[in-house]
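In my numbering, the protein residues as written are 1 to 658. Quick reminder that beta carbons are idealized off the backbone N, C-alpha and C, glycines included. Here is the structure we will look at, set down as structure tokens.
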């Protein structure tokens, strides 16, 4: 795992490339390098976390054997030895200088071209490839978006980097805040690709390449693998085998993926929460490894947030070398000042805190850790899929006029009045339904009644802030996969449409971003076996009945796990991987939040409507509403802004640059 940077145009010097790379040195503390072509005004930089071939033969940027191509590469190609064999069989293998997958890629690019090579690769990656003859710079990102890549025109140059922090080191970087992206941050807690927090800077979408000419011009990113096509092909050609055959095939594919991802010349471990996904990965690692598998988990003392006890039980059954750490609120809170630098773009999924802590724990013993991410998106694990699907079936039967009148009647009564009126009835409800803020829930539910489109319904339910344009001054929210019919995966069944939408938005832009930045912040490489593209393609061929049974998701995956771990150890309600932000904002984080949300400060900065922000903040502090996540999204931008602002802040009229 590494970090890459590039400049094409003004200031394309070794010194600038080195300065850009230094900003992301945490991604590669073992080695640094630069390569420049002054005549072409091109400079590439690289920071290396040595995983495969720890010798100087793996140094980057790396030139091909013939000298035509120069590559700065971040990631792993798990099948690179098989690619070497294929090159040798075709008589196209060079005299190898080392054992790195970077050298393998360069030889494959020369023999087969970029697109053909990428279709043969099994791995996760982002790279910048300079062709000295064609005078083109090719950018590429892996199929599902495990590795990040930003690019954009700033100050007369095309700048490229694994993180925005690298781009900011370019002398011409402008860095104006994109208010449409800020609105997306408030809605989702992350900024979906291709947008970034800066005007003129984009994220390269997963599964695409971008060819840039010598003058910096380029077209749109071109897909070499499209998740939408995979969804459509899978639904059109469903797996016809029996349930048992489906379990067998999934176990074979997952075992193949895990085995490939154990590749490396450094210690490899796994995150273990004790849930279905991470337990499956750990179980298959244990089956494949001759020695003990190292597993890691984080525990919290607060009720409803501790999964460490479950992880401990699974680890004991599998016989892993297990390490756990119980953290206090003070431990988690101490991470908060580091978040703006860790993420370099505002990011507000609060599970970033425990993710960073478990990454730091694992890094004490290993350099690589496997994770169980993506099981929910591929196998229908999120309860919201069933809830929204059922809700739409019910709402769709009610006339629109009835729904509008009912919504008006509910919202016509203030939330505190609903809370007071329903307080006596709370004693009659099951414990899980008792809530002091029933009025807030009723108002939220009423908002759904006015929705007449199923896609809008799902968009609303995955939106923390339903109307961010009313909060962000001068914002016009960008179109995304969830709001554009042209971008949306065309899976006819609504249940599968929601899963597909999450796979191309929430998974790469939230989950994978969260894990990449948290882990790379401590120089830890993470790998995701569920995102082996062969597993993904098979998962989309499975009928929904193989994924969801009797209201429980991930049926086929559970059957794989039950072959290795007793159901009693892993079958329990899904807990998630969060922290008690609601209570912390009312307690230990209150003073920090008050400073960032001060009305005068908000007015001076000019990004948020102070009265609206203050109303939600005071409502949360009083307990009238639970606005924890809305507030957290704003706070993460405010903290990022403070961390990145220059010594002389411009006025609102000039526009804030960071």
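(request) Spatial neighbours of residue 35 within its chain, please: CB distance less than 6 angstroms, with the 5 preceding and 5 following residues excluded, ordered by chain position. (result) In its chain, beyond the 5 residues on either side, 44, 61, 70 have a beta carbon closer than 6 angstroms to the beta carbon of residue 35.
(request) Decide if residue 108 is buried, meaning its Cβ has at least 16 other Cβ atoms within 10 Å, or exposed. (result) Burial call: buried.
(message) Using only the alpha-carbon positions, how far apart do residue 393 and residue 559 sit?
(response) Taking the CA atoms as reference points, residue 393 sits about 29 angstroms from residue 559.
(message) Using only the alpha-carbon positions, how far apart do residue 276 and residue 561 sit?
(response) It is roughly 7 angstroms from the alpha-carbon of residue 276 to the alpha-carbon of residue 561.
(message) I need the boundaries of the beta strand (DSSP E) containing residue 130, first residue and last residue.
(response) Segment 123-131, the beta strand (DSSP E) holding residue 130.
(message) Using 8 angstroms as the cut-off, can you tell me whether the region 322-336 makes contact with the region 218-227, which would need three or more C-beta pairs spanning the two stretches below that distance?
(response) For the pair of segments examined, the region 322-336 was found not to touch the region 218-227: the number of CB pairs separated by less than 8 angstroms stays below three.
(request) Starting from residue 5, follow the beta strand (DSSP E) in both directions and report where the run begins and ends. (result) First-last of the beta strand (DSSP E) with residue 5: 2-9.
(request) State the beta-bridge partners of residue 369 as determined by DSSP. (result) Beta-bridge partners assigned by DSSP to residue 369: 269, 526.
(request) Rounded to whole angstroms, what's the CA-CA distance from residue 607 to residue 556? Just pull it up for me. (result) CA-to-CA, the gap between residue 607 and residue 556 works out to about 47 angstroms.
(request) Let me know the secondary structure DSSP gives residue 548 once reduced to three states. (result) In the structure shown, residue 548 sits in coil (DSSP, three-state: anything other than H, G, I, E or B).
(request) Would you decide whether residue 242 is buried or exposed? Buried here means 16 or more other CB atoms lie within 10 Å of its CB. (result) With fewer than 16 other Cβ atoms inside 10 Å of its own Cβ, residue 242 counts as exposed.
(request) Might you give, ordered along the chain, the residues of its own chain that have their beta carbon closer than 7 angstroms to the beta carbon of residue 11, omitting 5 neighbours on each side? (result) Within its own chain, the residues whose Cβ lies closer than 7 angstroms to the Cβ of residue 11, once the five positions on either side in sequence are excluded, are 157, 170, 171, 172, listed in chain order.
(request) Tell me whether residue 611 is buried or exposed, calling it buried when 16 or more other Cβ atoms sit within 10 Å of its Cβ. (result) Residue 611 is exposed by the Cβ-count criterion.
(message) Please report the distance separating the alpha-carbon of residue 279 from that of residue 532.
(response) In a straight line, the C-alpha of residue 279 is about 17 angstroms away from that of residue 532.
(request) Give the DSSP-derived three-state secondary structure of residue 600 in the structure shown. (result) In the structure shown, residue 600 sits in a helix (DSSP, three-state: H, G or I).
(request) Report the three-state DSSP secondary structure of residue 534 (helix, strand or coil). (result) If DSSP states are grouped into helix, strand and coil, residue 534 belongs with the helices.
(request) Please go through the region 62-122 and give each complete beta strand (DSSP E) segment of 3 or more residues, from N-terminal end onward. (result) Counting only runs of 3 or more, we get 69-77.
(message) Checking the sheet assignment: what are the DSSP bridge partners for residue 297?
(response) Beta-bridge analysis with DSSP links residue 297 to 324.
(message) For the ligand ADP, I want to know if residue 518 counts as a neighbour, meaning its beta carbon is within less than 7 angstroms of at least one of the ligand's heavy atoms.
(response) With respect to small molecules bound, the structure shown includes none, and the ligand ADP cannot be examined in it.
(request) Label residue 453 either buried or exposed according to how many other C-beta atoms from any shown protein chain fall within 10 Å of its C-beta, with 16 as the threshold for buried. (result) By the beta-carbon neighbour count (other beta carbons within 10 angstroms, threshold 16), residue 453 is exposed.
(request) Starting from the C-beta of residue 478, find all residues in its chain whose C-beta is less than 7 angstroms away, skip the five residues before and the five after it, and write them out in chain order. (result) Around residue 478: 180, 181, 184, 195.
(request) Return the residue from the list 8, 247, 96 that minimises the CA-CA distance to residue 129. (result) Per the Cα distances, 8.
(message) Can you check which of these residues, 471, 294, 596, is closest to residue 636 by C-alpha distance?
(response) From the listed residues 471, 294, 596, the smallest Cα separation to residue 636 is found for 596.
(message) According to DSSP, is residue 343 part of a helix, a strand, or is it coil?
(response) Of the three classes helix, strand and coil, the one that applies to residue 343 here is helix, per DSSP.
(request) Determine, using beta-carbon pairs with one atom in the region 480-492 and one in the region 363-382, whether at least three such pairs fall under 8 angstroms. (result) No: the two stretches stay apart, fewer than three of their Cβ pairs being nearer than 8 angstroms.
(message) According to DSSP, residue 608 sits in a beta bridge with which residue or residues?
(response) Its beta-bridge partners are 472.
(request) Counting only the same chain and skipping the five closest in sequence on each side, list residues whose C-beta sits under 7 angstroms from that of residue 361. (result) Closer than 7 angstroms at Cβ, skipping near neighbours: 296, 298, 323, 325.
(request) Taking residue 126 as the reference, give the member of 161, 98, 390 with the closest Cα. (result) Looking at the Cα atoms, 161 is the closest of the given residues.
(request) Report the partner residues of residue 161 according to the DSSP bridge assignment. (result) Looking at the DSSP assignment, residue 161 forms a beta bridge with 5, 150.
(request) Tell me, please, whether the region 492-506 touches the region 366-373 by the rule of three or more beta-carbon pairs shorter than 8 angstroms. (result) No contact exists between the region 492-506 and the region 366-373.
(request) Determine, using beta-carbon pairs with one atom in the region 200-211 and one in the region 619-635, whether at least three such pairs fall under 8 angstroms. (result) Contact between the region 200-211 and the region 619-635 is absent: fewer than three C-beta pairs spanning the two stretches fall below 8 angstroms.
(request) Identify which residue in 615, 228, 599, 372 has its Cα closest to the Cα of residue 254. (result) Residue 372 is the option with its Cα nearest to residue 254.
(request) Sort 79, 40, 26, 38 by Cα distance to residue 52 and report the nearest one. (result) Measuring C-alpha to C-alpha distances from residue 52 to each of 79, 40, 26, 38 identifies 79 as the nearest.
(request) Grab me the residues of residue 64's own chain with a C-beta within less than 6 angstroms of its C-beta, minus the 5 sequence neighbours each way, in chain order. (result) Answer for residue 64: 106, 110, listed in chain order.
(message) If distances are taken between C-alpha atoms only, which option among 123, 193, 388 comes closest to residue 262?
(response) Of 123, 193, 388, the residue nearest in Cα terms is 123.
(message) Can you find the residues in the same chain that come closer than 7 angstroms, C-beta to C-beta, to residue 640, ignoring five residues on each side of it along the sequence?
(response) Once the five neighbours on either side are set aside, the close Cβ partners of residue 640 are 340, 346.
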